[in-house]
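Quick note: the sequence shown uses UniProt numbering, first residue 1, plus one each step.
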Amino acid sequence: MTHDPNSTTAPAAYDILCIGSVLWDVIGRTDSTMNIGRDVAGRICQIPGGVALNIAMTLTRFGLRPALLSALGRDALGDALIADCNAMGLGTDYIYRSDDYPTDRYMAIEGPEGLVAAIADAHSLEAAGALILEPLRDGRLGRASAPYTGPVALDGNLTHALLTEIVAMPEFAECDLRVAPASPGKAERLKPFFNHLNTTLYVNLEEAGLLCDTEFAHAETAACALLERGAARALVTDGAKAAALASAGTTLCLTPPPVTPRRITGAGDTFMAAHIAAEIDGATPHDALHRALETAAAFVAGETST
Numbered sequence: 001m002t003h004d005p006n007s008t009t010a011p012a013a014y015d016i017l018c019i020g021s022v023l024w025d026v027i028g029r030t031d032s033t034m035n036i037g038r039d040v041a042g043r044i045c046q047i048p049g050g051v052a053l054n055i056a057m058t059l060t061r062f063g064l065r066p067a068l069l070s071a072l073g074r075d076a077l078g079d080a081l082i083a084d085c086n087a088m089g090l091g092t093d094y095i096y097r098s099d100d101y102p103t104d105r106y107m108a109i110e111g112p113e114g115l116v117a118a119i120a121d122a123h124s125l126e127a128a129g130a131l132i133l134e135p136l137r138d139g140r141l142g143r144a145s146a147p148y149t150g151p152v153a154l155d156g157n158l159t160h161a162l163l164t165e166i167v168a169m170p171e172f173a174e175c176d177l178r179v180a181p182a183s184p185g186k187a188e189r190l191k192p193f194f195n196h197l198n199t200t201l202y203v204n205l206e207e208a209g210l211l212c213d214t215e216f217a218h219a220e221t222a223a224c225a226l227l228e229r230g231a232a233r234a235l236v237t238d239g240a241k242a243a244a245l246a247s248a249g250t251t252l253c254l255t256p257p258p259v260t261p262r263r264i265t266g267a268g269d270t271f272m273a274a275h276i277a278a279e280i281d282g283a284t285p286h287d288a289l290h291r292a293l294e295t296a297a298a299f300v301a302g303e304t305s306t
């Protein structure tokens, strides 16, 4: 792909930027109840994952072509992941490749009641820091004087320092910014995005509570509280219970369809991607939320491919 050095927008082939973790998911699933120290039978798979990549993969199902901004090691795992991303039609032109750090991985165990435990090794992404954002600064995707204006999905696997820097960066001043924390343990990293006018926060009920330093019983209450804290728009999910979308003067609540859960990892990312895709397609707030809940439910039920 040739690059016009005077261009300040993404190449026409890309519809959205996905910034954050691109790694290998190592997932163990079992139908047996898990307790600490218990050894049970199950299945283990290794698949492309990471919040940014999960979002990007789902976006392709809606006919969109995302470009990835992340960090991968210049190793065999990184080469294999690049090849898989290219095969899925994802843009890998802007991924930073490191000679000093290995490709990141995420390991999780899922039982019949959901996630049992997980470890996210995103040290290479954190070490790369602002290097992954160079395409937004050097003219390939934008620059401070002519920032990128399209949609951007950003995940909280970046460091708190870098996320705080992004809030103040002119390169992000005009984009449609969608932000997710990646996990409850990283939810508080999103606090700098309060009062960032072009940001939509995607969180679950627990993450909303961490951001507001309290506990919520319902998604609607949580979404409204996030707006009171300064969020421009907030979307809060609560598993099988009603999800809520809150923006200035408007609150919308919908309940997802009931399903038997067969997998958990990636469900929130799938929901976020489906909602973004629906809004890019011009759907109403009600239809966009409905489509996102339907898509996430199908994913949890194992009706869509990973």
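Note that the Cβ used here is the ideal one computed from N, Cα and C, for glycine as well. None of these values were measured; they are calculated from a predicted model.
query: M107 by DSSP, collapsed to three states: which one?
result: Strand, per DSSP.
- request: Hey, could you find the ends of the beta strand (DSSP E) L125 is sitting in?
  value: Where L125 is concerned, there is no enclosing beta strand (DSSP E), although the alpha helix (DSSP H) around it starts and stops at 123 to 128.
query: Got a sec, what are the start and stop residues for the alpha helix (DSSP H) D287 sits in?
result: Counting along the chain, the unbroken alpha helix (DSSP H) around D287 starts and ends at 285 to 300.
N86: first and last residue of the uninterrupted alpha helix (DSSP H) it sits in: Its alpha helix (DSSP H) spans residues 76 to 87.
- prompt: Which of helix, strand or coil does DSSP assign to T306?
  reply: Below a pLDDT of 50, predicted positions are generally treated as unreliable, and T306, at 48, falls in that range; no measurement from the model is reported.
task: Going by DSSP, name the residue or residues bridged to G91.
output: In DSSP, G91 forms a bridge with A67.
message: Do Q46 and V26 have their beta-carbon atoms positioned less than 8 Å apart in this structure?
response: The criterion of a C-beta distance shorter than 8 Å is satisfied by V26 and Q46.
field: the segment 267 to 284 in contact with the segment 40 to 57 per 3-pair CB rule at 8 Å
entry: Touching, per the Cβ criterion.
query: Do D15 and R65 have their C-beta atoms within less than 8 Å of each other?
result: Yes, these two residues count as a Cβ contact at 8 Å.
query: Where do the N-terminal and C-terminal ends of the beta strand (DSSP E) with L190 fall, by residue?
result: For L190, there is no enclosing beta strand (DSSP E), as DSSP marks it with neither H nor E.
- request: May I ask you to report which of helix, strand or coil DSSP gives R43?
  value: Here DSSP, grouped into helix, strand and coil, assigns R43 to strand.
- prompt: DSSP three-state call for I16: helix, strand or coil?
  reply: Correct three-state label for I16: strand.
query: Any idea what DSSP makes of C253, helix, strand or coil?
result: Under the three-state reduction of DSSP output, C253 falls in the strand class.
field: Where T221 sits in the DSSP three-state scheme
entry: Here T221 sits in helix by DSSP.
- request: Pick out the complete beta strand (DSSP E) segments inside the segment 257 to 287, 3 residues or longer, and give them in chain order.
  value: Whole beta strand (DSSP E) segments, 3+ residues: zero.
message: On the criterion of 16 or more Cβ atoms from any shown chain inside 10 Å, does A161 qualify as buried, or is it exposed?
response: By the neighbour-count criterion, in which 16 or more other beta carbons inside 10 Å mark a residue as buried, A161 falls on the exposed side.
- request: Could you round the C-beta distance between S183 and A120 to whole angstroms and report it? I think they count as a contact, below 8 Å.
  value: At roughly 7 Å, the Cβ-Cβ gap stays under 8 Å, so S183 and A120 are in contact.
Helix, strand or coil at V51 [DSSP, three-state]: Note: V51 maps to helix in three-state DSSP.
task: Assuming T149 and E174 form a contact by the criterion Cβ under 8 Å, report the distance between their Cβ atoms to the nearest whole angstrom.
output: Between E174 and T149 the Cβ distance is about 5 Å, and since that is below 8 Å, they are a contact.
field: First and last residue of the uninterrupted beta strand (DSSP E) at A242
entry: Where A242 is concerned, the enclosing beta strand (DSSP E) stretches over 241 to 247.
- request: Name the residue from G42, A13, A76, V236 whose alpha carbon lies nearest to the alpha carbon of R263.
  value: It is G42.
query: Which of helix, strand or coil does DSSP assign to L141?
result: The answer is coil: DSSP assigns L141 none of H, G, I, E or B.
query: What separation, rounded to the nearest whole angstrom, lies between the Cα atoms of G156 and L190?
result: When rounded, the distance between both Cα atoms is 7 Å.
message: Please state the DSSP three-state secondary structure of I132.
response: It is helical.
message: Let's see if you can read the secondary structure: which residues bound the alpha helix (DSSP H) around I166?
response: Run containing I166: 160 to 168, per the alpha helix (DSSP H) assignment.
query: Would you say the segment 127 to 142 touches the segment 74 to 89, given that touching needs at least three Cβ pairs under 8 Å?
result: No, because fewer than three Cβ pairs between the segment 127 to 142 and the segment 74 to 89 fall closer than 8 Å, the two stretches do not touch.
message: Whole angstroms are fine: how far does the CA of Y96 sit from the CA of H89?
response: Going by the sequence as given, residue 89 is Gly instead of His. Taking C-alpha positions only, G89 is separated from Y96 by approximately 18 Å.
- prompt: Per DSSP, I119 is paired with what?
  reply: DSSP lists M107 as partners of I119.
- request: Return the first residue and the last residue of the alpha helix (DSSP H) that G209 is part of.
  value: Here the alpha helix (DSSP H) through G209 covers 205 to 212.
One or two residues paired with P151 in a DSSP bridge: Residue pairing of P151 in beta bridges, as defined by DSSP: D176.
- request: Would you decide whether F299 is buried or exposed? Buried here means 16 or more other CB atoms lie within 10 Å of its CB.
  value: By the Cβ-count criterion, F299 is buried, with 16 or more other Cβ atoms from all chains shown falling within 10 Å of its own Cβ.
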